[in-house]
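Visitor: Quick note: the sequence shown uses our numbering, first residue 1, plus one each step.
What follows is a structure written as C-alpha cells; I'll ask about it next.
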Amino acid sequence: MDALLDCFLEHLVVERGLAQNSLEAYRRDLTRYAAYLRGRRKRVTALDRAEVPRYLLALREAGLSPRSVARHLSAIRQFHRFLVREGHATEDPTSHLESPRPWRRLPTVLSCDEVDRLLAPREARTPQEFRDRAMLELLYASGLRVSELVGLRLADLTLAVGIVRVLGKGDKERLVPLGDAAAESLRTYLAHGRLRLEKRRPSPHLFLGRHGRGLTRQMFWQILKRYVRAAGITKSVSPHTLRHSFATHLLERGADLRSVQLMLGHADIGTTQIYTHLSRAHLKAIYDKSHPRA
Numbered sequence: 001m002d003a004l005l006d007c008f009l010e011h012l013v014v015e016r017g018l019a020q021n022s023l024e025a026y027r028r029d030l031t032r033y034a035a036y037l038r039g040r041r042k043r044v045t046a047l048d049r050a051e052v053p054r055y056l057l058a059l060r061e062a063g064l065s066p067r068s069v070a071r072h073l074s075a076i077r078q079f080h081r082f083l084v085r086e087g088h089a090t091e092d093p094t095s096h097l098e099s100p101r102p103w104r105r106l107p108t109v110l111s112c113d114e115v116d117r118l119l120a121p122r123e124a125r126t127p128q129e130f131r132d133r134a135m136l137e138l139l140y141a142s143g144l145r146v147s148e149l150v151g152l153r154l155a156d157l158t159l160a161v162g163i164v165r166v167l168g169k170g171d172k173e174r175l176v177p178l179g180d181a182a183a184e185s186l187r188t189y190l191a192h193g194r195l196r197l198e199k200r201r202p203s204p205h206l207f208l209g210r211h212g213r214g215l216t217r218q219m220f221w222q223i224l225k226r227y228v229r230a231a232g233i234t235k236s237v238s239p240h241t242l243r244h245s246f247a248t249h250l251l252e253r254g255a256d257l258r259s260v261q262l263m264l265g266h267a268d269i270g271t272t273q274i275y276t277h278l279s280r281a282h283l284k285a286i287y288d289k290s291h292p293r294a
C-alpha cells in the first residue's frame, strides 16, 4: 500500500497543487489508515464496504472528535477514488458513506438576568464611563461584531429613528435598529463623554480612547472584562458573547430567523441556524417546567 499512497500524495502535489501543511495532514491520516489495514491483513484495493465504517468507529473509540473523524473520512474517500480512477481498484468502498456533519460547539450565551447585571445603571463620572455604557448597550442592542463596533463612525448613527449603519464582512452595508436604551446611552455619551475625549483634533470615529483616537478590538475586550467582573458573571465572556445573546434572546421571543440573519449580517442563513438549537433548549426548559405531564 505504501507505493500507492506515495502515488496519491504525488498526485495531490502535481495535479492539485496542495500546500505542504495540507499534504502532511493527508500523509498522517492515510499512514494511520494503512497501519490499521495491515493490522487486519486487508488489501486496500480489495476492501468490502464494512471496513471503512469499522475503521471510523475505531477512531471514535480512540477518542478522536467528530470533526477529526470527518477529516479522516475525506482523505480516505479521495484516496479510494484515486485508486479506482487510476485502475488500481475496481470498487470504491466509501461510495455509500455520507460525510458526517461536523460538530459545532454551541456558543456561550448570557441569560437575561446576566445581561441586566452587566448593563445595570451605574453612575458615570468620567467620559470613559459614558462611552463604556454606550458601547455595551449598543453591542447587545444590535448584535454587532466587535470589529464593526469599534469601526463605527459618528456619521453612521441616526438616533432620531434609532438606526445604525454598519459596514460588515466583505464591505457589505446593513442597517440595524438600536432600541431605546441603547439610543439613550448614545445620546448621553455624545453629550457628556465624546466631546471631552475628542480633544483638539476632530475624529470621525464614534467611540474614542483617552487620546482622542478610535478604539481597537483589544481595548474593548479589556473594557468588557472589567465590567463582566464587576457584574459578578462567572462565564467566559467575549465581545461575541453579547452578539450570541442578542440573537438567541430575539429568537426566544418570537423573532423570525430571516430577520435575525439580516440584523447579524450573515450571508448564509445556515450560519444563523445555530441559534435555533439554543432557543429550542429554552423552549424545552419552559415545557418541562410548565406542562403538567412533562
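Backbone N, C-alpha and C fix where the C-beta goes; we use that ideal spot for every residue, glycine too.
Note that the coordinates shown come from a computational prediction; the quantities given were computed from them, not determined experimentally.
V176 bridges to which residues according to DSSP?
Guide: Within the sequence shown, residue 176 is the residue found at index 176, counting from 1. According to DSSP, V176 bridges with V164.
Visitor: Using three-state DSSP, classify T299 as helix, strand or coil.
Guide: With the chain covering 1 to 294 only, the question about residue 299 has no answer from this structure.
Visitor: Return helix, strand or coil for G300, following the three-state DSSP convention.
Guide: Only positions 1 to 294 of the chain appear in this structure, which leaves residue 300 out of reach.
Visitor: Of all the options G179, R153, L30, which has the alpha carbon lying nearest to the alpha carbon of A160?
Guide: Locating residue 160 in the sequence shown gives position 160, counting from the first residue. Taking only the C-alpha atoms, the option nearest A160 is G179.
Visitor: Indicate the three-state DSSP secondary structure (helix, strand or coil) for L208 in the structure shown.
Guide: Residue 208 sits at position 208 when you count from the first residue of the sequence shown. In this structure, L208 counts as strand in the three-state DSSP scheme.
Visitor: Kindly list the residues whose CB is nearer than 8 Å to the CB of T216, restricted to its own chain and excluding five residues on each side of it in sequence; keep chain order.
Guide: As a working note, residue 216 is residue 216 in the sequence shown. Excluding sequence neighbours, T216 sits near V150.
Visitor: Within 10 angstroms of its Cβ, does V14 collect 16 or more other Cβ (buried), or is it exposed?
Guide: Along the sequence shown, one-based indexing puts residue 14 at 14. When all chains shown are included, V14 counts as exposed.
Visitor: Along the chain, where does the alpha helix (DSSP H) containing P66 start, and where does it finish?
Guide: Stepping through the sequence shown from its first residue, residue 66 is reached at position 66. Run containing P66: 66 to 85, per the alpha helix (DSSP H) assignment.
Visitor: Just to confirm before moving on: does the CB-CB distance between L152 and F220 stay below 8 Å?
Guide: Here residue 152 refers to the residue found at position 152 of the sequence shown. Here residue 220 refers to the residue found at position 220 of the sequence shown. Contact: no.
Visitor: Nearest to V260 by CA position, among A3, T31, L175, R67, is which residue?
Guide: As a first step, residue 260 must be located in the sequence shown, where it is residue number 260. Nearest C-alpha to V260: L175.
Visitor: Does the beta-carbon distance from I269 to L118 come in below 8 Å?
Guide: Here the question's residue 269 lines up with position 269 in the sequence shown. Here the question's residue 118 lines up with position 118 in the sequence shown. No, they are not a contact pair.
Visitor: Grouping DSSP H, G and I as helix and E and B as strand, with all else coil, what is L9?
Guide: Counting from 1 along the sequence shown, the entry for residue 9 is found at position 9. Three-state DSSP puts L9 in a helix.
Visitor: Using a Cβ-Cβ cutoff of less than 8 Å, which residues in the same chain neighbour L197 once the five nearest sequence positions on both sides are dropped?
Guide: As a first step, residue 197 is located in the sequence shown; it is residue number 197 there, counting from the start. Within the same chain, L197 has close Cβ partners P127, Q128, R131, L208, G209, R210, G212.
Visitor: Tell me whether the beta-carbon of A181 lies closer than 8 Å to the beta-carbon of E137.
Guide: Position 181 of the sequence shown, counting from 1, holds the residue named residue 181. Position 137 of the sequence shown, counting from 1, holds the residue named residue 137. In this structure, E137 lies closer than 8 Å to A181 by Cβ.
Visitor: Inspect the beta-carbon positions of L12 and Y33 and report whether they are closer than 8 Å.
Guide: One-based indexing of the sequence shown puts residue 12 at position 12. One-based indexing of the sequence shown puts residue 33 at position 33. Going by C-beta atoms, L12 is not nearer than 8 Å to Y33.
Visitor: Based on the DSSP output, what are the partners of R153 in its beta bridges?
Guide: Sequence index remark: in the sequence shown, residue 153 carries index 153 (1-based). In the DSSP output, where bridge partners are listed per residue, R153 has H205.
Visitor: Taking 8 Å as the cut-off, decide whether the C-beta atoms of L73 and L56 are in contact.
Guide: One-based indexing of the sequence shown puts residue 73 at position 73. One-based indexing of the sequence shown puts residue 56 at position 56. Yes, the pair counts as a contact, with Cβ atoms nearer than the cut-off.
Visitor: Kindly indicate the opening and closing residues of the alpha helix (DSSP H) around Q273.
Guide: To locate residue 273, count along the sequence shown from 1; it is residue 273. Careful: Q273 lies outside any alpha helix (DSSP H) and carries neither H nor E.
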